[in-house]
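Visitor:
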Amino acid sequence: MEPWICATCGVEHEPGATPPARCAICEDERQWVPAGGQRWTTASELRAAGHRQIVREEEPGLVGVGIEPAFGIGQRGLLVRHEAGNVLFDCVALVDEAGADAVAELGGIGAICFSHPHFFGAAVSWSERFGGVPVYVPEADRAWFPRRFGALRTWRDRLVLAPGLELVQVGGHFPGSAVLRWAEGAGGRGALLVGDTLQVVPDQGWLSVMWSYPNLIPLPPAVVEAVEQRVLALDFDRLYGGWWGRVVAQDAKAAVRRSLERYRARAGGPLPDLAPPTADG
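Numbering (UniProt numbering) for the sequence shown: 1 to 281.
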C-alpha cells in the first residue's frame, strides 16, 4: 500500500487500506481544509495525472527539486551538494524515478531537514529511496510529523549537518521554524535557505513573516524581533525562499533587517501617509 498524501498541503501520511480521517496540519489555523472537505491522493495518482519531478540548478552546488504542474502549496525543495553528503532542505510530495535518478546522479541525499511542517512533503519516501537517510525534525515540531519512521531524528536550537552547513531554529511561523546556512553559497559569501520561515515577497528585495500566510494572521512584533535577532546573527549575502524564483540574490541580510523593521513599524505604530506618485514620478 502507498502512503496517503494530503491533496491540500502535500504532506505524506501513513499507508493503509483507507485514508486517514484528518490531516492535522491542514486543520491547524496556519493552513486550511477545502470547503469540500479533506481530500487524499497517492504518488501513483499524481504521476497518472501528469505530475512529474523537476530538478534544476539554482546556482553551483544548489539544486531545486519541485513538481510540475505544481501540487499542494507549490513549494520546491533545495538540495545542497556537499562532499560530506548532500542535504535536502524541504520536500515536495512526489518522488518519481526520473527525479530520483537525477538526484542520484548529483550524489544522492545524505540527510533531510526542513524549514517547517508545511514542507514535510514525502520526506519518508525520499529517505527510503536513498537508503533510509536521517530525517531531522526540531523537537518543537515533532508532533506534526505524521509518519512513524525509524530514521527520524530530533534536534533543537542548532544542528551542524556538515562543515559549513548549519540548521538554526529561529521560530516565528512555527516554534521550530528553521533556516539552513550554507557557508559556500553565493560564491562563498554565504546563502540562507529559509522556506517560508521568512517569506520572500514579490516586491524585489523584501521579505515578510506571518503566523499564518493563507489566513493572513500576523506575528506579534516581539516575536518578529526575536526571529530577526537570530537570523541577523548569521553570515549570508543571498537568501532562498521556498518557491521557484523567490530569491534575494544579494545584500539579503540588509533586506531582512529593513523588511522586519518595516513589519514592526506597521504593526506597532501609526500608518504612514503615503501619497500616490505624481505623473513625473
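For each residue, glycine too, the CB sits at the ideal point set by N, CA and C. Small disclaimer: the values here were computed from a predicted structure and weren't measured.
According to DSSP, is Gly268 part of a helix, a strand, or is it coil?
Guide: In the sequence shown, counting from the first residue as 1, residue 268 sits at position 268. Three-state DSSP puts Gly268 in a helix.
Visitor: Quick check on the burial criterion: 16 or more other C-beta atoms within 10 angstroms. Buried or exposed for Glu58?
Guide: Counted from its first residue, the sequence shown places residue 58 at position 58. The residue is buried, with at least 16 neighbouring Cβ atoms inside 10 Å.
Visitor: Checking 8 Å against the spacing of the C-beta atoms, do Ser177 and Ser259 come in under that value?
Guide: On the sequence shown, residue 177 is found 177 positions in, with the first residue counted as 1. On the sequence shown, residue 259 is found 259 positions in, with the first residue counted as 1. Cβ distance not < 8 Å, so Ser177 and Ser259 don't count as in contact.
Visitor: Return the CA-CA distance between Gly33 and Thr278, expressed in angstroms with no decimal places.
Guide: Residue 33 sits at position 33 when you count from the first residue of the sequence shown. Residue 278 sits at position 278 when you count from the first residue of the sequence shown. Going by the sequence as given, residue 33 is Val instead of Gly. Going from the Cα of Val33 to the Cα of Thr278 covers about 44 Å.
Visitor: With a floor of 3 residues, list each beta strand (DSSP E) that falls wholly inside the stretch 121 to 202, ordered by position along the chain.
Guide: The stretch 121 to 202 contains these whole beta strand (DSSP E) runs: 135 to 138, 152 to 155, 158 to 162, 165 to 169, 178 to 182, 191 to 195.
Visitor: So, is Arg142 buried or exposed, given that buried needs 16 or more other C-beta atoms within 10 angstroms?
Guide: Within the sequence shown, the letter at position 142 stands for residue 142. Arg142 comes out exposed.
Visitor: Can you tell me whether Val160 is buried or exposed? The criterion is at least 16 other CB atoms within 10 Å of its CB, across all chains shown.
Guide: Looking up residue 160 in the sequence shown gives position 160. Val160 comes out exposed.
Visitor: Taking only three categories from DSSP, how would you classify Ile109?
Guide: What you label residue 109 is simply residue 109 of the sequence shown in a count that begins at 1. Here Ile109 sits in coil by DSSP.
Visitor: From Val80 to Pro276, what distance separates their C-alpha atoms?
Guide: Taking the sequence shown and counting its residues from 1, the one referred to as residue 80 is at position 80. Taking the sequence shown and counting its residues from 1, the one referred to as residue 276 is at position 276. Cα-Cα distance, rounded: 43 Å.
Visitor: Nearest to Arg266 by CA position, among Arg238, Gly241, Val224, Gln250, is which residue?
Guide: For the purposes of this step, residue 266 is identified with residue 266 of the sequence shown, where counting begins at 1. That would be Val224, whose Cα lies nearest to the Cα of Arg266.
Visitor: Name the residue from Arg158, Trp144, Phe89 whose alpha carbon lies nearest to the alpha carbon of Gly241.
Guide: The sequence position of residue 241 within the sequence shown is 241, counting from 1. Of the listed residues, the one whose Cα sits closest to Gly241 is Phe89.
Visitor: Taking 8 Å as the cut-off, decide whether the C-beta atoms of Leu62 and Gly245 are in contact.
Guide: Locating residue 62 in the sequence shown gives position 62, where the first residue counts as 1. Locating residue 245 in the sequence shown gives position 245, where the first residue counts as 1. No. Outside cutoff.
Visitor: Glu105: which of Phe130, Ala222, Ala255 sits nearest, CA to CA?
Guide: The residue labelled residue 105 in the question sits at position 105 within the sequence shown. When each option's Cα is compared against that of Glu105, the closest is Phe130.
Visitor: Specify whether the stretch 18 to 28 and the stretch 68 to 79 touch according to this definition: at least 3 beta carbon pairs, one from each stretch, less than 8 Å apart.
Guide: Flag = no, the stretch 18 to 28 and the stretch 68 to 79 do not touch.
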